[in-house]
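> Have a look at this one before I ask anything.
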Amino acid sequence: MNHVVVAQAASGCDHVLHGCPYPSPSITDFYFSPLFTIGHFQFDKPMLLVLLSTLIVLGFFWAAFRKPQLVPRGIQNIGELGILFVRDQILRPQLGKKGDNWLPFLSALFFFIWINNIWGVIPILYFPATSRFEYPAILTAMVWVLYMGIGIWKQGPLGYLRTLSVPSGAPWWILPLLAPIDFLSNVFIRPFTLSVRLWANMLAGHVLLLVFALATWYLLTWSYELVFSAVSFVVLIGLTALELLIQLLQAFIFTILTAFYISGAYEPAH
Amino acid sequence: MHYHLALVTPPQSEPLVPSWTEVIWGGIAFLIVFVVLWRVLLPRITKVLAERTDAIAGGIERADRAEKEAQRLAEQYRNQLETARHDAARMREESKEEGARIIAQMREQAQAEAARIMQTAQAQIAADRQQAVASLRAEVGTLAVELASKIVGESLADEARQSRVVDRFLAELEASEGEPSGARSSA
Numbered sequence: 003m004n005h006v007v008v009a010q011a012a013s014g015c016d017h018v019l020h021g022c023p024y025p026s027p028s029i030t031d032f033y034f035s036p037l038f039t040i041g042h043f044q045f046d047k048p049m050l051l052v053l054l055s056t057l058i059v060l061g062f063f064w065a066a067f068r069k070p071q072l073v074p075r076g077i078q079n080i081g082e083l084g085i086l087f088v089r090d091q092i093l094r095p096q097l098g099k100k101g102d103n104w105l106p107f108l109s110a111l112f113f114f115i116w117i118n119n120i121w122g123v124i125p126i127l128y129f130p131a132t133s134r135f136e137y138p139a140i141l142t143a144m145v146w147v148l149y150m151g152i153g154i155w156k157q158g159p160l161g162y163l164r165t166l167s168v169p170s171g172a173p174w175w176i177l178p179l180l181a182p183i184d185f186l187s188n189v190f191i192r193p194f195t196l197s198v199r200l201w202a203n204m205l206a207g208h209v210l211l212l213v214f215a216l217a218t219w220y221l222l223t224w225s226y227e228l229v230f231s232a233v234s235f236v237v238l239i240g241l242t243a244l245e246l247l248i249q250l251l252q253a254f255i256f257t258i259l260t261a262f263y264i265s266g267a268y269e270p271a272h
Numbered sequence: 044m045h046y047h048l049a050l051v052t053p054p055q056s057e058p059l060v061p062s063w064t065e066v067i068w069g070g071i072a073f074l075i076v077f078v079v080l081w082r083v084l085l086p087r088i089t090k091v092l093a094e095r096t097d098a099i100a101g102g103i104e105r106a107d108r109a110e111k112e113a114q115r116l117a118e119q120y121r122n123q124l125e126t127a128r129h130d131a132a133r134m135r136e137e138s139k140e141e142g143a144r145i146i147a148q149m150r151e152q153a154q155a156e157a158a159r160i161m162q163t164a165q166a167q168i169a170a171d172r173q174q175a176v177a178s179l180r181a182e183v184g185t186l187a188v189e190l191a192s193k194i195v196g197e198s199l200a201d202e203a204r205q206s207r208v209v210d211r212f213l214a215e216l217e218a219s220e221g222e223p224s225g226a227r228s229s230a
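Top to bottom, those sequences are chains A and B.
Residue numbers for the first sequence follow my numbering, beginning at 3 and rising by one.
Residue numbers for the second sequence follow my numbering, beginning at 44 and rising by one.
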């Protein structure tokens, strides 16, 4: 919201009272002029948020697990809660106990995505870094390389090709139709949906919040429009709560799908 | 800031076309998080979690063992108690029997002793009586003869006659003692 307001303020126009039009949120709200530039390197707000997320995740787990105690206290409890959530709700259902060495990767994925999502409801910053496609895209690229690599390593190129193309239990005569679709789905559509699901959810959530945040501000006048402003504010609060849920949910979905893909790479689906 | 210009002509309007700077930035940021968790922090906590599981499992095992030991001891004590009770009962029974036997024996001894004493006494009495009878017989004979000789005034010194007379008298006396009392009362 703030950059729109700042932009309007920069042009000397910040409120309907001053005869400014309502600045409807658009895709331009997802692009920022760089905070600073070094040569060709431009450091913008999403990069700052990603940096902060990295520091927060590392800082938190450093504080929690730097010197772990047998009898946990304070922040170690919370850290354990988070790690055990990833282990018991995401990793173990997909990969079983033998997949426990994937815990660092899945934990990093879950908390990195979650914290990057959370910026969407933090006042002032108010922008989910994952609503920039670059971040879901690079994470998905890593996941894709991982599960394709493990699949080829564990099942052999032909074996994994078979796992990717032939759904178990399908009768042979449908395979000419089904196998290309399944291959396409598993190899090309999977990474696309994985990244776009996260990105689009965060983008849509941010636009929604922007619509009601801007409406709250621009309808704040001494007239009947005050009612619309108040209603917008109430909706904004509700949507913020909803966004908190979606941010967690999307991080969870991204991570559990990653675990599922990795599990499929280890052995053919049953 | 030229952002108000950017509003009119956005710097980029293709959201799915990535900016490589940000891709690399995001990748590095994630890898840093991953590597630190993988290499430094998660090994520590998984080690502690495993230790905790061990400690808890070990505690349960120890408690199990202690309980088994306690049960074994209780069983042993119960057995010992049972044996002791049994022994005590047996001893009581034995001593009762022993006591009864001793009492019976004592009674038997006492009866034998009593019988013996009784017998001795009876024999003594019989002997005494015999002696008394013999001495009385001699005495009464002598007295009667003396009395009769005084009354008759003549000496019945003839030894043979004297003894015959006395004997006849005593025989008559005994005979009259031996008769039914009715005959005596009618006399």
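Beta carbons are placed, not taken as given, at the ideal position from N, Cα and C, and that holds for glycine.
Note that the structure is a prediction, hence the values are computed from the model and not measured.
So if DSSP puts I146 (chain B) in a beta bridge, which residue, or which two residues, is it bridged to?
In the DSSP output, where bridge partners are listed per residue, I146 (chain B) has none listed.
> Closer than 9 Å, Cβ to any Cβ of chain B: which residues of the stretch 47-72 of chain A, in chain order?
Listed by position, the residues of the stretch 47-72 of chain A near chain B (Cβ gap below 9 Å) are P48, M49, V52, L53, S55, T56, V59, L60, F63, W64, A66, F67, R68, K69, P70, Q71 and L72.
> Could you please tell me which residues of the stretch 220-247 of chain A, in chain order, have their CB closer than 8 Å to any CB of chain B?
Of all residues in the stretch 220-247 of chain A, none has a Cβ within less than 8 Å of some Cβ in chain B.
> In the stretch 106-158 of chain A, which residue ranges form an unbroken beta strand (DSSP E) of at least 3 residues, counting only runs that do not cross its ends?
Listed in chain order, nothing qualifies, since the stretch 106-158 of chain A has no complete beta strand (DSSP E) run of 3 or more residues.
> Taking the alpha helix (DSSP H) that F32 (chain A) falls in, what are its first and last residues?
Neither: F32 (chain A) is in no alpha helix (DSSP H) and is coded neither H nor E.
> Could you pull the DSSP bridge partners for F43 (chain A) from this structure?
A:I40.
> Helix, strand or coil: how does DSSP classify S231 (chain A) here?
Helix.
> Kindly list, in the order they appear in chain B, the residues whose Cβ is closer than 7 Å to that of R134 (chain A).
In chain order: E65.
> Can you tell me the Cα-Cα spacing of L148 (chain A) and I264 (chain A), whole angstroms?
L148 (chain A) and I264 (chain A): Cα-Cα distance of roughly 8 Å.
> Hey, would you say G84 (chain A) sits closer than 8 Å to F113 (chain A), going by beta carbons?
Cβ atoms of G84 (chain A) and F113 (chain A): closer than 8 Å.
> With 8 Å set as the bound, which would you pick, yes or no: does the beta-carbon of I29 (chain A) sit closer than that to a beta-carbon of chain B?
By this cut-off, I29 (chain A) is an interface position.
> Would P130 (chain A) count as contacting chain B if we go by Cβ distances under 8 Å?
False, the Cβ-Cβ gap to chain B never drops below 8 Å.
> Check this for me: beta carbons of F73 (chain B) and L141 (chain A), under 8 Å apart or not?
Yes, the Cβ-Cβ distance between F73 (chain B) and L141 (chain A) is below 8 Å.
> How long is the line joining the alpha carbons of E57 (chain B) and R68 (chain A), rounded to whole angstroms?
For E57 (chain B) and R68 (chain A), the distance between alpha carbons rounds to 43 Å.
> Classify A226 (chain B): buried if its beta carbon has 16 or more other beta carbons within 10 angstroms, exposed otherwise.
Bear in mind that a pLDDT of 45 at A226 (chain B), under 50, signals an unreliable position, so the model cannot answer this.
> As a quick exercise: from A:F38, A:P48, A:I40 and A:G153, pick the residue whose alpha carbon is nearest that of M204 (chain A).
It is A:P48.
> Pull up the distance between the alpha-carbon of G266 (chain A) and that of Q252 (chain A), whole angstroms please.
Going from the Cα of G266 (chain A) to the Cα of Q252 (chain A) covers about 21 Å.
> Please tell me whether I103 (chain B) has its Cβ less than 8 Å away from any Cβ of chain A.
Answer no: the Cβ-Cβ gap between I103 (chain B) and chain A never drops below 8 Å.
> If we define contact as Cβ-Cβ less than 8 Å, is A72 (chain B) a contact residue for chain A?
With 8 Å as the cut-off, A72 (chain B) counts as an interface residue toward chain A.
> Taking buried to mean at least 16 other C-beta atoms within 10 Å of its own C-beta, is D31 (chain A) buried or exposed?
It counts as buried.
> Hey, would you say I115 (chain A) sits closer than 8 Å to F256 (chain A), going by beta carbons?
Yes, they are a contact pair.
> Tell me the rounded alpha-carbon separation between H47 (chain B) and Y33 (chain A).
Confidence is the limiting factor: at H47 (chain B) the pLDDT is only 40, short of 50, which leaves the residue's position unreliable and the question unanswerable from this model.
> Short of 8 Å in beta carbon distance, which residues of its chain neighbour A187 (chain B), apart from the five on each side in sequence? Order them along the chain.
Once the five neighbours on either side are set aside, the close Cβ partners of A187 (chain B) are V209 and F212.
> Counting only the same chain and skipping the five closest in sequence on each side, list residues whose C-beta sits under 6 Å from that of V209 (chain A).
Contacts found: P27.
> Could you have a look at R75 (chain A) and say whether DSSP puts it in helix, strand or coil?
Coil, per DSSP.
> To the nearest angstrom, how far is it from the Cα of A109 (chain B) to the Cα of L92 (chain B)?
Rounded to whole angstroms, A109 (chain B) to L92 (chain B) spans 25 Å at the Cα level.
> Please report the straight-line C-alpha distance between L216 (chain B) and Q165 (chain B), rounded to a whole angstrom.
Going from the Cα of L216 (chain B) to the Cα of Q165 (chain B) covers about 26 Å.
> Within this structure, are the beta carbons of S109 (chain A) and W201 (chain A) separated by less than 8 Å?
Not in contact: S109 (chain A) and W201 (chain A) (Cβ atoms no closer than 8 Å).
> Would you say I75 (chain B) lies against chain A (beta-carbon separation less than 8 Å)?
Output row for I75 (chain B): interface = yes.
> Suppose you measure from the CA of A131 (chain A) to the CA of G102 (chain B); what does that come to, to the nearest Å?
Straight-line Cα distance between these residues: approximately 47 Å.
> Count the other C-beta atoms from every protein chain shown that fall within 10 angstroms of the C-beta of G158 (chain A), then say buried if there are 16 or more, exposed otherwise.
The residue in question, G158 (chain A), is exposed, as its Cβ has fewer than 16 Cβ neighbours within 10 Å.
> Buried or exposed: I146 (chain B), going by 16 or more other Cβ atoms within 10 Å of its Cβ?
The residue in question, I146 (chain B), is exposed, as its Cβ has fewer than 16 Cβ neighbours within 10 Å.
> Report yes if the C-beta distance between W63 (chain B) and P106 (chain A) is below 8 Å; otherwise report no.
Against a cut-off of 8 Å, the Cβ pair of P106 (chain A) and W63 (chain B) comes out as no contact.
> What residues in its chain sit with their C-beta under 6 Å from that of S197 (chain A), if we drop five residues either side in the sequence?
Excluding residues within five positions, the ones whose Cβ falls inside 6 Å are P138, A139 and T142.
> Assign W224 (chain A) to one of three DSSP states: helix, strand, or coil.
It is coil, neither helix nor strand.
> Helix, strand or coil for S265 (chain A) per DSSP?
The answer is helix: DSSP assigns S265 (chain A) an H, G or I state.
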